[in-house]
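>
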Amino acid sequence: MEHRRPLIAGNWKMNLNLERALKLAGEIKEGLSDDIEVAIFPPFPFLFEVKRVISGSPIKLGAQNIYHEDEGAFTGEVSPIMIKDICEYVILGHSERRLYFKEDDNMVNRKVRKALEHGIKPILCVGERLEDRKEGRAFEVIKSQLEGSLRDIDASITIAYEPVWAIGTGVPARGEDALEAIKFIREVLGRDVRVLYGGSVNKDNIAQFVRYEEIDGALVGGASLRSEEFLGIVRRTAEVKGF
Ligand code: 13P
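Numbering that gives the first Met the number 0 puts the first residue of the sequence shown at 0, with every later residue one more than the last.
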């Protein structure tokens, strides 16, 4: 099932400078030996140079965001048209965009449609905050994010389950809790999509997620900024998934 092929995606967020970005991309290219899908998501200004560095390798490139219009007076925004020739993927609905940039499900829905219109594959992020979980509303929040962000969309896209409380905290979800949420996501969508886990993933804990058939890989933040750590996550995933 090509659309469920394991994927390890590295979200570099707003980190590095050009020199360090190119070095990291080069190290990942050199060290990659496993046959699962690997994608990196550098900041916008580095995309074209990183593309040059990884050319000739199977590493896919993605953007961390796009705007939901093709062009116009939208100061500071990036159109899908500007990146579609080099980016296979785009991360949409990340909790940091929802929190700091006030993106709601309606906006995320417009972005997902725009990405699909231009042939860019969205990785849609959903996940509950700590207070949602404490109040027993985690699944309700996940369901409403999925339904709102994917309203009138039936394409088979990649979902990343990223519980907000596990992002950047060094405390990942327990494997069984991630599994439960991801099973729920599959149930809500009712179609066979690829689902990743994200939140404090590293090479020592990745197996606790990808050992489940339902979890197809990971969206990695901090650990994707160190080539040895990122390649370790890729290697362990390939081993556990039998690639
Ligand atoms: P960390 O791996 O740093 O927790 O970040 C996860 C994430 O937000 C990936 O998109």
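Even for Gly, the Cβ is constructed at its ideal location relative to N, Cα and C. Predicted, not measured: the structure shown is a model, and the values here were computed from it.
Between residue 172 and residue 165, how many whole angstroms is the CB-CB distance? I'm expecting something under 8 Å.
Position 173 of the sequence shown, counting from 1, holds the residue named residue 172. Position 166 of the sequence shown, counting from 1, holds the residue named residue 165. That pair is a contact at about 5 Å.
> Residue 125 to residue 112, Cα distance in whole Å?
For this step, residue 125 is matched to residue 126 along the sequence shown. For this step, residue 112 is matched to residue 113 along the sequence shown. The straight-line gap from Cα to Cα measures roughly 17 Å.
> By Cβ distance below 7 Å, which residues in the same chain neighbour residue 215 in space, the five residues on each side in sequence not counted?
Looking up residue 215 in the sequence shown gives position 216. Within the same chain, residue 215 has close Cβ partners 3, 5, 6, 193, 194 and 195.
> Is the beta carbon of residue 26 less than 8 Å from the beta carbon of residue 226?
Taking the first residue of the sequence shown as 1, we reach residue 26 at position 27. Taking the first residue of the sequence shown as 1, we reach residue 226 at position 227. A contact, by the Cβ cut-off of 8 Å.
> Excluding sequence positions up to five away, which residues of its chain have a Cβ less than 6 Å from the Cβ of residue 163?
By 1-based counting over the sequence shown, the position of residue 163 is 164. Excluding positions up to five away in sequence, the list reads 94, 126 and 128.
> What residue range is occupied by the uninterrupted beta strand (DSSP E) comprising residue 206?
As a working note, residue 206 is residue 207 in the sequence shown. Counting along the chain, residue 206 falls outside any beta strand (DSSP E), though it belongs to the alpha helix (DSSP H) covering 206–209.
> Have a look at 28, 8 and 49 and flag the residue whose alpha-carbon is nearest the alpha-carbon of residue 15.
For the purposes of this step, residue 15 is taken as the residue at position 16 of the sequence shown. Measuring from the Cα of residue 15, the nearest candidate turns out to be 49.
> May I have the straight-line CA-CA distance separating residue 231 from residue 71, to the nearest angstrom?
Within the sequence shown, numbered from 1, the residue matching residue 231 stands at position 232. Within the sequence shown, numbered from 1, the residue matching residue 71 stands at position 72. Taking the straight line from one Cα to the other gives about 42 Å.
> Taking the DSSP output, what are the residues bridged to residue 10?
As a working note, residue 10 is residue 11 in the sequence shown. Per DSSP, 40.
> For a test of your reading of the model: does the CB of residue 161 fall under 7 Å from any non-hydrogen atom of ligand 1? Yes or no.
For the purposes of this step, residue 161 is identified with residue 162 of the sequence shown, where counting begins at 1. Because some heavy atom of ligand 1 lies under 7 Å away, the Cβ of residue 161 counts as near it: yes.
> Between which residues of its own chain and residue 106 is the CB-CB distance below 6 Å, once the five residues before and five after are set aside?
Locating residue 106 in the sequence shown gives position 107, counting from the first residue. Correct list: empty, nothing qualifies.
> According to DSSP, is residue 193 part of a helix, a strand, or is it coil?
Taking the sequence shown and counting its residues from 1, one reaches residue 193 at position 194. In the structure shown, residue 193 sits in a strand (DSSP, three-state: E or B).
> Ignore the nearest five residues each way along the sequence and tell me which others in residue 198's own chain have a CB closer than 7 Å to its CB.
The residue labelled residue 198 in the question sits at position 199 within the sequence shown. Closer than 7 Å at Cβ, skipping near neighbours: 161, 162, 165, 166, 171 and 172.
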